[in-house]
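Asks: Which chain is which? The protein sequence lines are A and B, in order. Under this note's numbering, the final residue of the first sequence carries the number 220; numbering is consecutive throughout. Under this note's numbering, the final residue of the second sequence carries the number 35; numbering is consecutive throughout. Where a beta carbon is used, it is the ideal one built from N, C-alpha and C, also for glycine. I'd like to ask you about the structure that follows.
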Amino acid sequence: MNIFRFAGDMMHLTSILVLLLKIYATKSCSGISLKTQELYALVFLARYLDLFTDFISVYNTIMKLVFIVSSTAIVWCMKRDRVVRRSYDKQLDTFRHYFLLAASFALALLVNEKFTFQEIFWAFSIYLEAVAILPQLVLLQRSGNVDNLTGQYVFFLGAYRAFYILNWIYRYFTETHFSRWIACISGLVQTALYADFFYYYYISWKNNTKLKLPA
Amino acid sequence: SSTNELKDEL
């Protein structure tokens, strides 16, 4: 564990807590893409198959459980909770995310560390996580004004993988046989997808204006 | 080391 990775994990956790706060405090999921939330739930379920077989540390196990439970709870809440689901922007959340699923799985079959069930699902979760934010970014562009909590949610979600890139650079220089090309390249793509969001988020923060993504 | 050991990240 290093400070970059810990900071990244805390930002990831913060993004989930901000999203839970928004949904439970405002009893609304307006501006949130259900498709992105479904993809994230799949990312965690596909990545943490080793939850009960490989024990890494208490921290690792607890965080995996938190991510799995929170992501499935958010999907369940947006689909089933009578009050929350009324505010879901169904007509705006139209990104065909099944393509992202199919493409990520196809790529995982071709590019993986070992052609085993667990490694293919791990690579699938890495590729899927890189593109999972797309339905959310498209929804933000369509829904014009972005409320503060939603903006903070996306910001922390983008920042977490940027810190993971610093973590991989650090590990590359400090550990002998460290090589995670699949995660590194995918993480770079993932963070790059947030570039324009980060730019408009910074502008709105600097000018103290409402965050607005150009359509 | 097996690749699984490298899966120490979330």
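If you run the structure through DSSP and keep just helix, strand and coil, what is K27 (chain A)?
Replies: Here residue 27 (chain A) refers to the residue found at position 22 of the first sequence. Helix at K27 (chain A).
Asks: Does the separation of the CB atoms of M40 (chain A) and F100 (chain A) fall below 7 angstroms?
Replies: Numbered from its first residue, the first sequence carries residue 40 (chain A) at position 35. Numbered from its first residue, the first sequence carries residue 100 (chain A) at position 95. Checking the displayed sequence, the identity of residue 40 (chain A) turns out to be Lys instead of Met. Yes, these two residues count as a Cβ contact at 7 angstroms.
Asks: Does DSSP classify N65 (chain A) as helix, strand or coil?
Replies: By 1-based counting over the first sequence, the position of residue 65 (chain A) is 60. Note: N65 (chain A) maps to helix in three-state DSSP.
Asks: By how many angstroms is the C-alpha of K119 (chain A) removed from the C-alpha of M16 (chain A)?
Replies: Counting from 1 along the first sequence, the entry for residue 16 (chain A) is found at position 11. Counting from 1 along the first sequence, the entry for residue 119 (chain A) is found at position 114. The straight-line gap from Cα to Cα measures roughly 30 angstroms.
Asks: Can you tell me which of A:D152, A:I170, A:Y177, A:L24 puts its alpha carbon nearest to the alpha carbon of F11 (chain A)?
Replies: On the first sequence, position 6 is the one that residue 11 (chain A) refers to. Per the Cα distances, A:I170.
Asks: Go through its chain and collect everything with a Cβ distance to L54 (chain A)'s Cβ below 7 angstroms, but skip five positions before and after it.
Replies: Looking up residue 54 (chain A) in the first sequence gives position 49. Once the five neighbours on either side are set aside, the close Cβ partners of L54 (chain A) are Q123, F126.
Asks: Using 7 angstroms as the threshold, is the C-beta distance between A51 (chain A) and F129 (chain A) below it?
Replies: By 1-based counting over the first sequence, the position of residue 51 (chain A) is 46. By 1-based counting over the first sequence, the position of residue 129 (chain A) is 124. Result yes, Cβ atoms of A51 (chain A) and F129 (chain A) sit closer than 7 angstroms.
Asks: Could you check whether the Cβ of D14 (chain A) sits closer than 7 angstroms to any Cβ belonging to chain B?
Replies: Translated into positions along the first sequence, residue 14 (chain A) becomes position 9. Yes, D14 (chain A) lies at the interface with chain B (some Cβ there is under 7 angstroms from its Cβ).
Asks: Please report the distance separating the alpha-carbon of K32 (chain A) from that of V116 (chain A).
Replies: By 1-based counting over the first sequence, the position of residue 32 (chain A) is 27. By 1-based counting over the first sequence, the position of residue 116 (chain A) is 111. Going from the Cα of K32 (chain A) to the Cα of V116 (chain A) covers about 41 angstroms.
Asks: I'd like to know if I61 (chain A) contacts chain B, where contact means its C-beta is closer than 7 angstroms to some C-beta of that chain.
Replies: The count along the first sequence starts at 1 and reaches residue 61 (chain A) at position 56. So, interface residue.
Asks: Excluding sequence positions up to five away, which residues of its chain have a Cβ less than 6 angstroms from the Cβ of F226 (chain A)?
Replies: Outside the modelled stretch of chain A, which goes from 6 to 220, sits residue 226 (chain A), for which no answer is possible.
Asks: What's the gap between the Cα of H102 (chain A) and the Cα of L216 (chain A)?
Replies: Counting from 1 along the first sequence, the entry for residue 102 (chain A) is found at position 97. Counting from 1 along the first sequence, the entry for residue 216 (chain A) is found at position 211. Rounded to the nearest angstrom, the two C-alpha atoms are 25 angstroms apart.
Asks: Judging by CA-CA distance, which residue of A:V89, A:Q141, A:L154 is the nearest neighbour of T19 (chain A)?
Replies: What you label residue 19 (chain A) is simply residue 14 of the first sequence in a count that begins at 1. Ranking the options by Cα distance to T19 (chain A), first place goes to A:L154.
Asks: Which residues of chain B have a Cβ atom closer than 9 angstroms to the Cβ of F161 (chain A), listed in chain order?
Replies: Residue numbering aside, residue 161 (chain A) sits at position 156 when the first sequence is read from its first letter. Residues of chain B passing the Cβ test: none, with the nearest at roughly 15 angstroms.
Asks: Please state if the CB of Q157 (chain A) and the CB of S38 (chain A) are separated by a distance shorter than 7 angstroms.
Replies: Walking along the first sequence from the start, residue 38 (chain A) turns up at place 33. Walking along the first sequence from the start, residue 157 (chain A) turns up at place 152. No, the pair does not count as a contact, with Cβ atoms beyond the cut-off.
Asks: Shortest alpha-carbon distance to V80 (chain A) belongs to which of A:L106, A:L24, A:L112?
Replies: Taking the first residue of the first sequence as position 1, residue 80 (chain A) is located at position 75. Among A:L106, A:L24, A:L112, the Cα nearest to that of V80 (chain A) is on A:L24.
Asks: How would you label K32 (chain B), buried or exposed, when you count the other beta carbons within 10 angstroms and need 16 or more for buried?
Replies: Mapped onto the second sequence, residue 32 (chain B) falls at position 7. Classification for K32 (chain B): buried.
Asks: What residue range does the alpha helix (DSSP H) around R166 (chain A) cover?
Replies: Here residue 166 (chain A) refers to the residue found at position 161 when the first sequence is read from its first residue. Start and end: 153–179.
Asks: Taking DSSP's pairing of strands, which residues face N150 (chain A) in a bridge?
Replies: On the first sequence, position 145 is the one that residue 150 (chain A) refers to. A:K217, per the DSSP bridge assignment.
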